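Undergrad: Quick note on UniProt numbering: the sequence shown kicks off at 1 and runs consecutively.
This is the structure I have questions about; it appears just below.
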Amino acid sequence: MPKVEIGSITMQLNRKTIKNLHISVLPPEGRVRVSAPESMTETAIRMAVISRIPWIKKQQRDFAKQPRQSDREMISGESHYLWGRHYRLNLIERSGKHEIKLGRGRLHLYVNTATTLENKALVLSSYYRDVLKARISELLPVWEEKIGVTAADWGVKKMKTKWGSCNAQAKRIWLNLELAKKPPECLEYILVHELVHLLERNHNDRFKAHMDKLLPDWRERRDLLNRMPLAHNNWIY
1 MPKVEIGSIT
11 MQLNRKTIKN
21 LHISVLPPEG
31 RVRVSAPESM
41 TETAIRMAVI
51 SRIPWIKKQQ
61 RDFAKQPRQS
71 DREMISGESH
81 YLWGRHYRLN
91 LIERSGKHEI
101 KLGRGRLHLY
111 VNTATTLENK
121 ALVLSSYYRD
131 VLKARISELL
141 PVWEEKIGVT
151 AADWGVKKMK
161 TKWGSCNAQA
171 KRIWLNLELA
181 KKPPECLEYI
191 LVHELVHLLE
201 RNHNDRFKAH
211 MDKLLPDWRE
221 RRDLLNRMPL
231 AHNNWIY
């Protein structure tokens with residue numbers, strides 16, 4: 001993906017078969033990505049980006065202010081999040097299957113002696129995946145009925161730059177594994193957001209009108225999600 005510099009801003013330019021130009025500022029460091037129509041000249045792209053520089057810099061400042069969690073060592077006493085709540089990790093080495101149990105404000109991680117850091121992290125990742133899928137399974141049919149759409153398929157995966165995605169043609173949605181660490185209302189917001197894309201592909205006024213009707217406080221939920229601590233880049237899960 002080619003890079004274009006405008007003053008102090010370096011942007012990644014991606015030309016697509018689309019009608020309108022889209023500018024994204026991506027976490028955690030505020031990287032700028034521009035998706036532009038194939039027929040749009042570089043001069044026109046530059047002018048469009050220049051007009052949005054104040055907004056771009058504000059987004060980058062907001063990302064810089066967000067708290068970040070340190071690298072995870074998977075040791076007792078370490079802080080982890082589940083559904084927006086802070087838990088201390090309690091590492092218990094024993095024989096038997098690897099598992100996570102929640103109790104008394106702690107995440108109890110049961111592993112065999114000499115289990116590697118990577119495998120401990122994978123156990124926690126699997127736990128997050130299970131609880132997230134269980135919550136989605138409860139929410140999805142409720143919102144499909146309210147919105148009047150049906151997702152043909154859905155899944156959970158780790159995503160670096162998005163909380164969710166929707167392939168409107170295939171009617172398939174993906175949700176970010178990290179949502180298991182955020183407040184439940186944030187998951188619901190992202191789920192509704194992606195389902196609404198089955199009605200309207202673009203983030204235009206029609207899309208926002210659907211969101212306003214279905215989830216009047218969606219902007220507050222979005223802001224809450226963006227205020228939560230960012231995961232460390234070196235996290236395995």
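Note that CB positions come from ideal geometry on N, CA and C, so glycine has one too.
All values derive from a computational prediction rather than experimental measurement.
Around the Cβ of R61, are there at least 16 other Cβ atoms within 10 angstroms (buried) or fewer (exposed)?
TA: One-based indexing of the sequence shown puts residue 61 at position 61. Its Cβ having fewer than 16 others within 10 Å, R61 is exposed.
Undergrad: Apart from the five residues just before and just after M211, which ones in its own chain have a Cβ nearer than 8 Å to its Cβ?
TA: Within the sequence shown, residue 211 is the residue found at index 211, counting from 1. Within the same chain, M211 has close Cβ partners V192, H193, V196 and W218.
Undergrad: To the nearest angstrom, report how far apart Y237 and L122 are at their CA atoms.
TA: Within the sequence shown, the letter at position 237 stands for residue 237. Within the sequence shown, the letter at position 122 stands for residue 122. Note that Y237 has pLDDT 24, beneath the 50 cutoff, so the model's placement of it is unreliable and the number below is only indicative. Per the coordinates, the alpha-carbon of Y237 lies some 7 Å from the alpha-carbon of L122.
Undergrad: Quick one: using the 10 Å Cβ neighbour count with 16 as the cut-off for buried, is V32 buried or exposed?
TA: On the sequence shown, position 32 is the one that residue 32 refers to. Using a 10 angstroms sphere on the CB of V32, the tally of other CB atoms reaches 16 or more, which defines it as buried.
Undergrad: By how many angstroms is the C-alpha of L139 removed from the C-alpha of E155?
TA: Along the sequence shown, one-based indexing puts residue 155 at 155. Along the sequence shown, one-based indexing puts residue 139 at 139. A quick correction: the sequence has Gly, not Glu, at residue 155. Those two C-alpha atoms are separated by around 14 Å.
Undergrad: Rounded to whole angstroms, what is the Cα-Cα separation between S8 and S165?
TA: Reading the sequence shown from its first residue, position 8 is the one you call residue 8. Reading the sequence shown from its first residue, position 165 is the one you call residue 165. Distance between the alpha carbons of S8 and S165: 30 Å.
Undergrad: In this structure, how does DSSP classify M11 when only helix, strand and coil are distinguished?
TA: Position 11 of the sequence shown holds residue 11. Strand at M11.
Undergrad: In whole angstroms, what separates the C-alpha of I6 from that of M159?
TA: Locating residue 6 in the sequence shown gives position 6, where the first residue counts as 1. Locating residue 159 in the sequence shown gives position 159, where the first residue counts as 1. Taking the straight line joining both Cα atoms gives about 28 Å.
Undergrad: May I ask you to report which of helix, strand or coil DSSP gives K133?
TA: Residue numbering aside, residue 133 sits at position 133 when the sequence shown is read from its first letter. DSSP places K133 in helix when its eight states are reduced to three.
Undergrad: What's the C-alpha gap between A44 and A64?
TA: For the purposes of this step, residue 44 is taken as residue 44 along the sequence shown, with counting starting at 1. For the purposes of this step, residue 64 is taken as residue 64 along the sequence shown, with counting starting at 1. Each residue's alpha carbon lies about 29 Å from the other.
Undergrad: In whole angstroms, what is the alpha-carbon distance linking K162 and V131?
TA: Taking the first residue of the sequence shown as 1, we reach residue 162 at position 162. Taking the first residue of the sequence shown as 1, we reach residue 131 at position 131. Taking the straight line joining both Cα atoms gives about 20 Å.
Undergrad: Using a Cβ-Cβ cutoff of less than 8 Å, which residues in the same chain neighbour E144 once the five nearest sequence positions on both sides are dropped?
TA: The count along the sequence shown starts at 1 and reaches residue 144 at position 144. Excluding positions up to five away in sequence, the list reads T150, A151 and L195.
Undergrad: Identify whether S126 lies in helix, strand or coil by the three-state DSSP scheme.
TA: Reading the sequence shown from its first residue, position 126 is the one you call residue 126. DSSP places S126 in helix when its eight states are reduced to three.
Undergrad: Using the rule of at least 16 other Cβ atoms within 10 Å of the residue's Cβ for burial, across every protein chain shown, is K157 buried or exposed?
TA: Looking up residue 157 in the sequence shown gives position 157. Burial call: exposed.
Undergrad: Might you give, ordered along the chain, the residues of its own chain that have their beta carbon closer than 6 Å to the beta carbon of D153, omitting 5 neighbours on each side?
TA: Translated into positions along the sequence shown, residue 153 becomes position 153. Once the five neighbours on either side are set aside, the close Cβ partners of D153 are R172.
Undergrad: What is the residue span of the alpha helix (DSSP H) that A152 lies within?
TA: Counted from its first residue, the sequence shown places residue 152 at position 152. It is not in any alpha helix (DSSP H) - A152 carries neither H nor E in the DSSP assignment.
Undergrad: DSSP state of R106, grouped into three classes?
TA: Counting from 1 along the sequence shown, the entry for residue 106 is found at position 106. R106: strand per DSSP, three-state reduction.
Undergrad: Leaving out five residues before and five after S35 in sequence, what residues of the same chain have Cβ atoms less than 6 Å from its Cβ?
TA: Translated into positions along the sequence shown, residue 35 becomes position 35. Once the five neighbours on either side are set aside, the close Cβ partners of S35 are N14, K16 and H22.
Undergrad: Within 10 Å of its beta-carbon, does R221 have 16 or more other beta-carbons around it, so buried, or fewer, so exposed?
TA: Looking up residue 221 in the sequence shown gives position 221. So R221 ends up on the buried side.
Undergrad: Quick one: what's got a C-beta closer than 6 Å to Y81's C-beta in the same chain, skipping five residues either side?
TA: In the sequence shown, the residue the question calls residue 81 occupies position 81. Result list for Y81: K181, in chain order.
Undergrad: Taking all protein chains shown into account, decide if M11 is buried (16 or more other Cβ within 10 angstroms of its Cβ) or exposed.
TA: Taking the sequence shown and counting its residues from 1, one reaches residue 11 at position 11. M11 should be labelled buried.
Undergrad: What runs of the alpha helix (DSSP H), each 4 residues or longer, lie entirely inside the segment 131 to 218?
TA: 184 to 196 and 205 to 214
Undergrad: How would you label N176, buried or exposed, when you count the other beta carbons within 10 angstroms and need 16 or more for buried?
TA: Reading the sequence shown from its first residue, position 176 is the one you call residue 176. N176 is buried by the Cβ-count criterion.
Undergrad: Compare the C-alpha of A134 against each of V4, T41, L187 and P27 and name the closest.
TA: Here residue 134 refers to the residue found at position 134 of the sequence shown. Residue L187 is the option with its Cα nearest to A134.
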